[in-house]
Each structure stands twice: as C-alpha cells, then as structure tokens.
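Line by line, the protein sequences are chains A and B.
For the first sequence, the UniProt record's numbering assigns the number 1 to the initial residue and increments by one for each residue that follows.
For the second sequence, the UniProt record's numbering assigns the number 1 to the initial residue and increments by one for each residue that follows.
There are 2 protein chains.
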Amino acid sequence: MVNKEPDLWFSFVRSHRALIREIERRLSNAGLPAYAWYDALWGVESGKDGTRRMHELADALVIERYSLTRLVDRLEQEGFVTRARSPDDGRAAYVTITDAGRALRARMWKIYEATVTELFLSQFDAKAQRDVSDALDRAALAARQSTQ
Amino acid sequence: MVNKEPDLWFSFVRSHRALIREIERRLSNAGLPAYAWYDALWGVESGKDGTRRMHELADALVIERYSLTRLVDRLEQEGFVTRARSPDDGRAAYVTITDAGRALRARMWKIYEATVTELFLSQFDAKAQRDVSDALDRAALAARQSTQ
DNA sequence: GCGATATAATTGCGATTGCAACTCATCGGG
DNA sequence: CCCGATGAGTTGCAATCGCAATTATATCGC
Numbered sequence: 001m002v003n004k005e006p007d008l009w010f011s012f013v014r015s016h017r018a019l020i021r022e023i024e025r026r027l028s029n030a031g032l033p034a035y036a037w038y039d040a041l042w043g044v045e046s047g048k049d050g051t052r053r054m055h056e057l058a059d060a061l062v063i064e065r066y067s068l069t070r071l072v073d074r075l076e077q078e079g080f081v082t083r084a085r086s087p088d089d090g091r092a093a094y095v096t097i098t099d100a101g102r103a104l105r106a107r108m109w110k111i112y113e114a115t116v117t118e119l120f121l122s123q124f125d126a127k128a129q130r131d132v133s134d135a136l137d138r139a140a141l142a143a144r145q146s147t148q
Numbered sequence: 001m002v003n004k005e006p007d008l009w010f011s012f013v014r015s016h017r018a019l020i021r022e023i024e025r026r027l028s029n030a031g032l033p034a035y036a037w038y039d040a041l042w043g044v045e046s047g048k049d050g051t052r053r054m055h056e057l058a059d060a061l062v063i064e065r066y067s068l069t070r071l072v073d074r075l076e077q078e079g080f081v082t083r084a085r086s087p088d089d090g091r092a093a094y095v096t097i098t099d100a101g102r103a104l105r106a107r108m109w110k111i112y113e114a115t116v117t118e119l120f121l122s123q124f125d126a127k128a129q130r131d132v133s134d135a136l137d138r139a140a141l142a143a144r145q146s147t148q
C-alpha cells in the first residue's frame, strides 16, 4: 500500500528549502546577514514612519512572538532598529528602523531580489504569478483560520 | 523609493510558514512527532526494501547532511529506524525503517494528508497542480544547480 | 471601582540547527 | 605501491528556536 505524497505539496516543500538555502548562501557569500533579518527590516521599514508594533510585525511575517522578540533584540544590538514603548498602551512595543537598518536592507535587497527573480519568478508568466499568488494566499488564510 | 517585494515570492514564503505551522500544530495535538520525522520516515520507507543511503536521503529531503545524521540519531533511539554500514564501501551508511517506524508514519500520514488536502491542494485545480508543481521543480533545480 | 480574564511582550530552559573541523575510506595519478 | 585529493558521515560548540511560564497592562462584567 503506497501512500503517494501529493506532488504539488512535495514540490512546494522541496523548492522552498532549495530556494531559501541558495538565498542564504548568496547573502552569506556577500558578507550579509541571514534572510530573516531582511524580512524583519522590511516589515519595519514599510510601516508608517518606518515603525511597527511588535505583534503586528509578527503577524505580517508569520513568525511567533518570542522569535520576533529575540530577532529584534539582535537587530537592536547591531543598531539597525530602535525599540520604544507606547504611552497610550503600556503593553505595546514599537520598533523603528534606523538609517543603518535602511542601508543594510537596501544592500540585502539587491542580492535577494536578483536571486528570487532569477531562480523563482522566471518560472511563472505574469498570469500564473497572479493566480498562484492568490491560491497561496487562500491557503495561508485557511491555515491561519484553522489554527485559530 | 519603494522596493516592493514580488507578490508571488512573498505569498510563497508566508503560505509555507502558515501551512507548516498548522501541520505541526495538528500533529502535536494528536500526540505525534514533528513533520520532519514524517518526511524522513517516508524517505526511508519508499526506498528499496525500506532502506536508503544517508546522502541519498539528505538529497531527496533537501536537508543538510549533519541535520540528517542527528535526525536519524533520534529516530534510531526511538526504534523507528536501524543503521548499518556497507561492506562494499566503508564510507557508506544505510538506514532501514522498522515496523514501528512504518506504523508511526502511517498514523502521521492520516493527519498530514488530510491537512494538506484541506488547506493547500484544494486551492488548485488538476491542471494548476501539474503546472505549478512543474514550475516549482524547475525553480528547485535552478537553485540546486546554482549552489553547486 | 474591583476582581477575573484577556492581551502584549518577554524570558528560562531544553531541543534543534548551522558552521567548521574531524575521521575514515576510496580514488587517481605518478 | 603510496600520497594527495575527494567523498561520506559525524561531532563540538555556539547560535537559534519552541514550549511553557512570567510580567505588566488593559478590558469586561458586575
């Protein structure tokens, strides 16, 4: 009795690993930090005034809160972001990107964007990009609602 | 100057995290081990006589050798696989699934398959499944050749 | 107002990962 | 033959992650 794994899912998981691995390799070769840093920096920079609330950022990046806390710890230590607490809601914490953070993100972007375009996006035409993107968004939504 | 991240890549990464997170949650709720174990067990079980060489398995799973060594350590400790060295090539190591391993994989499969079908595969029609799967395979291949 | 509950962020600690080094074994000239 | 190069697998150690508390604040029902 063979339980053949659905091909599409299999391809999805394997291609994700291969692509992330290659992106990490190229970033590292260029003396740049890991992909996760890019992701977080972009999440912060794209907020109003380069600022985001912690939990909003964790949701956007789809990572756990405690992971974000420690990722931001490291970014703060290196001077790429600053932290501040809100006067309105004492529970809230805000993260703001610094100039050094913006500069780093821009340098990472060059390599990152080139790699994704070359290896991944080039495999899909414009219509496929929209359709697949929509389907993946629906899947992500379904997964998150289910977790709930 | 805004560097908008390509939507499809963004969706790809986020949906991957959301789906893996939900799969892990359901497996854990059912008292079953992590997704990585399923993957490794299936890789071993699907080989000839339920056996695979270590490096062959690492390649198939797209994980690093040292990760596999330690994953197999844990599976062996729990009695789900056995290890053997080859008499022909003294460098080679073989992993074989046990009955307990087969049983565990089958139990995990039920939950895992249902989750993937419900949340992920249902977002694609038959043709899309083939097309997207092919595109992702091409991307994975491109990434691996690039790493070289 | 006030206690119970919910939310936000963080942290202690054990498990897992990643890098670089290391051990053997085979292979390919000379 | 034998030496250097390559390949397979493993391991030490530091970095990172995941779970289960913990702290601090806000909100809701009465």
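Even for Gly, the Cβ is constructed at its ideal location relative to N, Cα and C.
Small disclaimer: the values here were computed from a predicted structure and weren't measured.
- Taking residue 37 of chain B as the centre and dropping the five residues before and after it, the same chain places the C-beta of 75 closer than 7 Å to its C-beta, in chain order.
- Here residue 62 of chain B carries a coil assignment [DSSP, helix/strand/coil].
- Close to residue 41 of chain B, with beta-carbon spacing below 8 Å, lies no residue of chain A; the smallest spacing is near 11 Å.
- Closest in C-alpha terms to residue 10 of chain B, from the list A/91, A/45, A/62, comes A/62.
- When the Cα atoms are used, residue 60 of chain A and residue 43 of chain A turn out to be separated by approximately 7 Å.
- Taking a contact to require three or more Cβ pairs closer than 8 Å, the segment 110 to 122 of chain A and the segment 18 to 35 of chain A qualify as touching.
- Judged by DSSP in its simplified three-state form, residue 98 of chain A adopts coil rather than helix or strand.
- Distance between residue 130 of chain A and residue 40 of chain B, taken at the CA atoms: about 33 Å.
- For the pair residue 106 of chain A and residue 45 of chain A, the Cα-to-Cα distance works out to about 11 Å.
- Using a C-beta cut-off of 8 Å, the segment 87 to 107 of chain A makes no contact with the segment 45 to 59 of chain B, since fewer than three inter-stretch Cβ pairs fall below that distance.
- Counting only residues of its own chain and dropping the five nearest sequence neighbours on each side, residue 124 of chain A has a CB closer than 8 Å to the CB of 132.
- The segment 134 to 141 of chain B makes no contact with the segment 114 to 122 of chain B: fewer than 3 CB pairs, one atom from each, lie closer than 8 Å.
- Beta-bridge annotation (DSSP): residue 51 of chain A is paired with A/96.
- For residue 25 of chain B, the three-state secondary structure derived from DSSP is helix.
- For residue 34 of chain A, no alpha helix (DSSP H) segment is defined, and its DSSP state is neither H nor E.
- Within the same chain, 119, 120 come within 7 Å of residue 19 of chain B by CB-CB distance, once the 5 residues on both sides are set aside.
- Chain A places a beta carbon closer than 8 Å to that of residue 12 of chain B, counting this residue as a contact.
- When the Cα atoms are used, residue 72 of chain A and residue 35 of chain B turn out to be separated by approximately 27 Å.
- Here residue 96 of chain B is near residue 81 of chain B, since their CB atoms are less than 8 Å apart.
- In this structure, the beta-carbon distance from residue 146 of chain A to residue 64 of chain B does not fall below 8 Å.
- Listed along chain A, the residues sitting closer than 8 Å to residue 124 of chain B by beta-carbon distance are 8, 135.
- The three-state reading of DSSP puts residue 91 of chain A in coil, since its state is none of H, G, I, E or B.
- Within its own chain, the residues whose Cβ lies closer than 7 Å to the Cβ of residue 55 of chain A, once the five positions on either side in sequence are excluded, are 65, listed in chain order.
- Going by beta carbons, residue 58 of chain B and residue 14 of chain A fall outside the 8 Å limit.
- When the Cα atoms are used, residue 8 of chain B and residue 16 of chain A turn out to be separated by approximately 13 Å.
- Look at residue 84 of chain A here: in three-state DSSP terms it is strand.
- By the 16-neighbour rule on beta-carbons within 10 angstroms, residue 100 of chain B is exposed.
- In this structure, the alpha-carbon of residue 103 of chain A lies about 13 Å from that of residue 78 of chain A.
- DSSP, reduced to helix, strand and coil, places residue 124 of chain B outside both helices and strands of the structure shown, so it counts as coil.
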